[in-house]
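Encoded as structure tokens, the structure appears first; notes follow it.
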Amino acid sequence: MEMEIILVFCVLGMTILLFLTEWFPIDKIAFLIIVSLVLLGLTKPEEAISGFADPATITVLSLMIIAISLEDNGVIEWLTSGIKRVSILPLILITPVFMFVSASISAFISTTAVVIIFIKIVSQLSAKYNFSASKLLMPISFAGILGGSCTLMGTSTNLIVNSVARNLGAERLGFFEFTVFGLVFLVIGIVFMTIASKWLPKDKSKDLAENYGLQEFIFTVTITEESKLVDQLLSESILEENPDISIIKLIRDRKVVNAPGKYINVKVGDELVLMGTVEDLAQFVQKENLLLHDERNTKDKIQQANNIEEKDEESPVMKYIELLILPGSNLIGSTLRKIRRSSLYGAYPLAIQKRKNIRNTKDRLIRKDINDIRVKPGDRLLLELQDGSMRDLERLENVAILNEHELKSSVPLYKKYITLFTLLAVIGLASSGVLTILASALTGIGILLLTNCISLEKIYQKVNWQIVFLLAGMIPLGIAMNNTGTDTWISEQLLEILQGQAPIIVLGLIFLFTMLMSGTISNNATAIIMTPIAMSVGAGFGLEVKPFILAVMFAANFSFFTPVGYQTNALIYGTGIYKFKHFLIIGGILSIILWIVGTLLLSTLL
């Protein structure tokens, strides 16, 4: 094995390790890949940055911009508004309907945007008609992924596989060339998830706001002189009378006591970091005359003292809402302290609930001052704001407002029609072969900009630049694998191992390995790595390479057995409703079924 191939394996291994551990955000990992390839001499500098101008990157970016316009102009919500009428049906009938609609829209629009809209719809319907949201969210997410696998523009993975394959000499995939296969997978997914939803967890509470994170928030409170807790033991004052509230730490005279003992006396000025439901904590703070520990409360107290004679005036009605932080949000990386000091359109962050992931399954693992906790994708913020101010929060980019209040869109109707027409034009031009997907998508963006259906400022704010950087970093890694012969070396080893095996076995193993890899790292990264390997293996056996290309494309999308591989799965996993085992068992069974069926279907093309 040559030294260059060894170096490529080192970069590849480090990349997979960083994806698994989540030590760095994916855009930083991508940039580190670019730097590593240049410093190690595995690519020329111009090759290392070629990913930024690659057709796959620009196409994904263009379709992302169109999806942003569809979402901001209310088109996605408009298209899904009629689905609320089926809420009177039994859940076993609601599930396939929701899955079909989610899949149909996701075939042409960003799956993530569709799932976010459905989270809001399910939130409203679940609270109104008293059914478990958990029975629908996972099926909707899976359906969105399956729907995106039906067309070339359905997912970024499809576009990447097509681009990499074309660069290696393969024919371009047609817009609807693999739709029949995708529809078969979709039908199987709908039938399976409708049956499997019986074993999905039930919501612990019928209050959907609680299911979406209004439980186990973390607050810091200050003991005042007027508090009845002064000079009482923690065991008497809090632990016994408030069993649903947990004491994470006590701060006294700048000294921090983690998990304080129950025999500690409470003193004036003590700060307690508490965890519990919003309702329990709110009642506790009011009953015991405590202060939420932040700068604003002090100002409020002074203002109340200065205006004590004006207490007859009507006080503003305050509401609590929750924000789900999405990838690309400007709030990512900020601390609660920083957010509180900046303008948040009149809303004030009270608490944070960290997203669940493989390494953090319980919020009780947090051991730092909540004001210094940095916001990450999937986290949820509890905000307080005046009634009537919710519309201002629409200005926040890449967040989902999870509550029971529906924000009415003020977008002119003509913008909805223009945006929808633009989408249909892009689909028509690309599917008919008049223009490539890239050319048709760029044309669509031009129409949207000229008609003011989207602004450049909105594009800069709402584009998920992490995905753009991920593609820009992974594409040069694929180039390095090709330049150094790493992909050829891997395929030669596989050819030697698989020598004498039936073609369907070889195809099935490529499908399986790609699926397993996609479940541990990004599906886009998997597609870039596996496409040249699969093509080399197919060519080495003297077989048609297109079934191997399609196997990588479908398998990279079908990582249902973990919440890691696909962004929509990570979103619904971050809500805290599901555990990792639900993806592993239910998603794993679906993945196995699709692997077997996919291998049999694609083998007909050999």
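Mapping to this note's numbering: the sequence shown position 545 is 1380, numbers consecutive.
In this text, a Cβ means the ideal position worked out from N, Cα and C, and glycines have one as well.
All values reported here derive from a predicted model rather than from experimental measurement.
Classified as exposed, residue 1256 has fewer than 16 neighbouring CB atoms from the shown chains inside 10 Å of its CB. When the beta-carbon positions are compared, residue 1161 and residue 1235 come within less than 8 Å of each other. Nearest neighbour of residue 1055 by Cα position, chosen from 1185, 1166, 1076 and 1020, turns out to be 1185.
Partner residues in the beta bridge of residue 1188, as assigned by DSSP, are 1215. Residue 935 and residue 1357 have their alpha carbons spaced roughly 25 Å apart. Ranking 1419, 1087 and 1322 by CA distance to the CA of residue 1351 puts 1419 first. For residue 1111, the enclosing beta strand (DSSP E) stretches over residues 1106 to 1111. Between residue 1067 and residue 1391, the alpha-carbon positions lie close to 58 Å from each other.
Short of 7 Å from the beta carbon of residue 1340, and not among the five residues preceding or following it, lies no beta carbon of its own chain.
Going by C-alpha positions, residue 1077 is about 15 Å away from residue 1125.
Counting along the chain, no alpha helix (DSSP H) covers residue 1236; the unbroken beta strand (DSSP E) around it starts and ends at 1234 to 1236.
Assigned with DSSP and collapsed to three states, residue 1252 falls in helix. Taking C-beta atoms as the reference points, residue 889 and residue 1304 fail to come closer than 8 Å.
Assigned with DSSP and collapsed to three states, residue 1412 falls in coil, not helix or strand. Setting aside the 5 residues that flank it on each side, residue 876 has no residue in the same chain whose C-beta is closer than 6 Å to its C-beta. Within the DSSP secondary-structure output, residue 1100 pairs in a beta bridge with 1068. Here the segment 918 to 926 makes no contact with the segment 1005 to 1021; the two share fewer than three CB pairs at distances below 8 Å. Beta-bridge pairing by DSSP links residue 1057 to 1106 and 1126. The straight-line gap separating the alpha-carbon atoms of residue 982 and residue 1412 is approximately 23 Å.
Rounded to the nearest whole angstrom, the CA to CA distance from residue 1099 to residue 1209 is 30 Å.
Residue 1158 is bridged by DSSP to 1216 and 1236. Inter-residue distance for residue 1394 and residue 1403 is about 11 Å (C-alpha atoms, whole angstroms).
Pairing residue 864 with residue 878 gives a Cβ-Cβ distance that is not under 8 Å. Cα atoms of residue 1065 and residue 1219: separation of roughly 28 Å, rounded to the nearest angstrom. With a beta-carbon spacing of about 5 Å, residue 1279 and residue 901 fall inside the 8 Å limit used to define contacts. In the structure shown, residue 1025 adopts helical secondary structure according to DSSP, grouped into three states.
According to DSSP, residue 1087 shares a beta bridge with 1090. Pairing residue 944 with residue 1167, the inter-Cα distance amounts to about 25 Å. Residue environment for residue 1061: exposed (fewer than 16 other C-beta atoms within 10 angstroms of its C-beta). The C-beta of residue 859 has fewer than 16 other C-beta atoms within 10 Å across all chains shown, which makes the residue exposed. For residue 1440, the closest alpha carbon among the candidates 840, 1032 and 1378 is that of 1378. Between residue 854 and residue 1249, the alpha-carbon positions lie close to 43 Å from each other. Pairwise C-beta distances place the segment 898 to 913 out of contact with the segment 879 to 886, as fewer than three of them are shorter than 8 Å. The closest CA to that of residue 1389, considering only 1399, 948 and 1365, is found on 1365. By the Cβ-count criterion, residue 1105 is buried, with 16 or more other Cβ atoms from all chains shown falling within 10 Å of its own Cβ. Between residue 916 and the set 904, 928, 937 and 931, the nearest pair of CA atoms involves 937.
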